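According to the working numbering, the sequence shown is numbered sequentially starting from 115. All C-beta atoms in this analysis are idealised placements derived from N, C-alpha and C, irrespective of residue type, glycine included. A quick note: this is a predicted structure, and the numbers were derived from the prediction, not measured.
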Amino acid sequence: MSQIIIAWFSCGITSAVACKIALQTYKDVVLYYTDTGSQEEDSLRFLHDCEQWFGQKINIVRSKEYTNHFDVIEKKGLISKHNYYPCTFELKKRLRYQIEDELKYWDGQVWGFDISETNRAQRMIEQYPNMKPLFPLIDNQLSKANCACLLAKEGIELPRMYKMGYHNNNCIGCVRGGMGYWNKIRIDFPEDFERMAKLERVVGHSCLKERIGNETKALFLDELSPDRGDFPTEIMPECGLFCELEFMN
């Protein structure tokens with residue numbers, strides 16, 4: 115019996131190309147996008163453009179309990195603890211688990227990790243072997259820059275967040291961002307910055323930490339100096355141009 119391949123679309127450029135390769139490689143591919151409610155509005159335009167490119171609909175799933183990452187933080191009273199991020203779990207992971215339970219059987223799950231994330235992919239394989247993760251970008255040695263080139267070649271405009279200088283198309287005000295990221299959010303999305311700054315005080319937790327002597331202390335957004343951080347050199351956790359690829363023909 116033919117089993118399906120689950121491909122996760124994130125409205126990011128690497129996941130878009132990974133999904134395209136999956137559709138060209140496997141017979142029965144189902145596409146999913148977990149809508150966190152916190153994405154920049156141009157993300158849905160990108161999703162619809164990719165549906166046209168794929169020739170297949172992307173299934174959009176949302177949490178029934180939470181409207182966005184602010185809602186999760188407010189109701190949970192927590193931003194993060196020991197690498198546990200409630201917003202990621204409630205808005206993404208829990209939905210993935212539900213889909214896995216509904217489908218019951220699959221041959222693999224496609225992720226948009228690029229060639230620079232080989233170690234991250236290996237950790238996923240080791241930590242979640244039952245997920246049967248697949249990494250078509252790594253298999254094809256594709257970088258994020260390669261993916262941007264491929265989308266441009268297809269006439270697909272990149273999501274606005276990339277054009278604004280962000281490394282990924284994550285939630286606006288991602289709690290994993292560094293000082294430079296948050297200072298950029300302060301400029302580009304001041305309402306989201308202020309909302310998170312106030313929410314930090316309500317729940318008593320901060321997105322940022324800083325090292326002072328031998329101690330790591332909380333750094334609240336309302337204490338963050340506008341000149342701190344170097345966004346161009348910061349790496350957000352997760353994301354030669356090489357356009358002429360045989361599998362795209």
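N-terminal and C-terminal residue of the beta strand (DSSP E) that residue i is part of
{"i": "Gly222", "result": "222-224"}
{"i": "Glu329", "result": "329-333"}
{"i": "Thr148", "result": "143-149"}
{"i": "Ile187", "result": "Taken as a continuous stretch (DSSP letters only), Ile187 belongs to no beta strand (DSSP E), being part of the alpha helix (DSSP H) at 183-190."}
{"i": "Arg176", "result": "172-176"}
{"i": "Ile326", "result": "322-326"}
The ligand MN heavy atom lying under 8 Å from the CB of residue i
{"i": "Gly287", "result": "Ligands displayed in this structure: none; no statement on the ligand MN is therefore possible."}
Of the residues the options, the one placed nearest residue i, counting alpha carbons only
{"i": "Lys171", "options": "Ser177, Glu179, Lys178, His162", "result": "His162"}
{"i": "Ser257", "options": "Cys164, Lys277, Ile229", "result": "Ile229"}
{"i": "Met275", "options": "Ala136, Glu154, Ile120", "result": "Glu154"}
{"i": "Tyr339", "options": "Trp225, Met293, Arg309", "result": "According to the sequence provided, residue 339 is Ser. The question's Tyr does not apply to it. The shortest Cα separation from Ser339 among Trp225, Met293, Arg309 belongs to Met293."}
{"i": "Asn244", "options": "Phe123, Glu214, Ala266", "result": "Glu214"}
{"i": "His319", "options": "Lys277, Phe303, Leu333", "result": "Leu333"}
{"i": "Glu165", "options": "Ile193, Phe123, Lys141", "result": "Phe123"}
{"i": "Cys321", "options": "Gln241, Asp341, Gln138, Tyr295", "result": "Tyr295"}
{"i": "Trp167", "options": "Lys134, Ser152, Leu192", "result": "Lys134"}
{"i": "Arg290", "options": "Phe249, Glu268, Met310, Asp302", "result": "Met310"}
{"i": "Gly126", "options": "Ile193, Lys189, His281, Gly191", "result": "His281"}
{"i": "Ala136", "options": "Glu314, Ile118, Phe184", "result": "Ile118"}
{"i": "Asp156", "options": "Asp306, Pro273, Gln255", "result": "Pro273"}
{"i": "Glu305", "options": "Leu335, Phe160, Gly169, Gln255", "result": "Leu335"}
{"i": "Thr369", "options": "Phe249, Cys201, Glu240, Glu188", "result": "Here the chain covers residues 115 to 363 and nothing more, so residue 369 does not appear."}
{"i": "Arg159", "options": "Glu308, Glu240, Thr202, Asn283", "result": "Asn283"}
{"i": "Asp341", "options": "Ile301, Glu314, Glu308", "result": "Ile301"}
Buried or exposed (CB count within 10 angstroms, at least 16 for buried), residue i
{"i": "Tyr198", "result": "exposed"}
{"i": "Cys353", "result": "Residue placement at Cys353 is flagged as unreliable, the pLDDT there being 34, under the threshold of 50; the coordinate-derived value follows with that caveat. Burial call: buried."}
{"i": "Lys178", "result": "exposed"}
{"i": "Gly226", "result": "buried"}
{"i": "Glu204", "result": "buried"}
{"i": "Met362", "result": "Unreliable placement is indicated for Met362, whose pLDDT of 44 sits below 50; the coordinate value is still reported in the next sentence. The residue in question, Met362, is exposed, as its Cβ has fewer than 16 Cβ neighbours within 10 Å."}
{"i": "Leu251", "result": "buried"}
{"i": "Pro247", "result": "buried"}
{"i": "Gly343", "result": "buried"}
{"i": "Tyr180", "result": "buried"}
{"i": "Met278", "result": "exposed"}
{"i": "Asn328", "result": "exposed"}
{"i": "Glu271", "result": "exposed"}
{"i": "Glu358", "result": "The pLDDT assigned to Glu358 is 42, lower than 50, so where the model puts this residue is not dependable, and the model offers no usable value."}
{"i": "Lys141", "result": "exposed"}
{"i": "Asp253", "result": "exposed"}
{"i": "Lys189", "result": "exposed"}
{"i": "Glu216", "result": "exposed"}
{"i": "Gly287", "result": "buried"}
{"i": "Ile299", "result": "buried"}
{"i": "Glu314", "result": "buried"}
Residue range of the alpha helix (DSSP H) that includes residue i
{"i": "Ile119", "result": "Ile119 -> not in any alpha helix (DSSP H); beta strand (DSSP E) instead, spanning 119-122."}
{"i": "Leu313", "result": "304-317"}
{"i": "Lys277", "result": "274-277"}
{"i": "Asn260", "result": "258-267"}
{"i": "Glu214", "result": "208-217"}
{"i": "Ser365", "result": "There is no way to answer for residue 365, as the model of the chain reaches only from 115 to 363."}
{"i": "Val131", "result": "127-139"}
Integer Cβ distance of residue i from residue j, believed to fall under 8 Å
{"i": "Lys331", "j": "Lys323", "result": "7 Å"}
{"i": "Val186", "j": "Ala121", "result": "Contact flag wrong, Cβ pair sits at about 25 Å."}
Inset, instruction - Take every Cβ of the segment 252-270, pair it with every Cβ of the segment 130-143, and state whether three or more of those distances are shorter than 8 Å. - result: yes
Legend entry - Validate contact between the segment 201-214 and the segment 229-242 using beta carbons, cut 8 Å, 3 pairs: no
Inset, instruction - Kindly confirm or deny that the segment 130-149 and the segment 164-179 touch, where touching means at least three C-beta pairs closer than 8 Å. - result: yes
Inset, instruction - Could you say if the segment 215-226 and the segment 186-200 meet the contact criterion of at least three C-beta pairs nearer than 8 Å? - result: no
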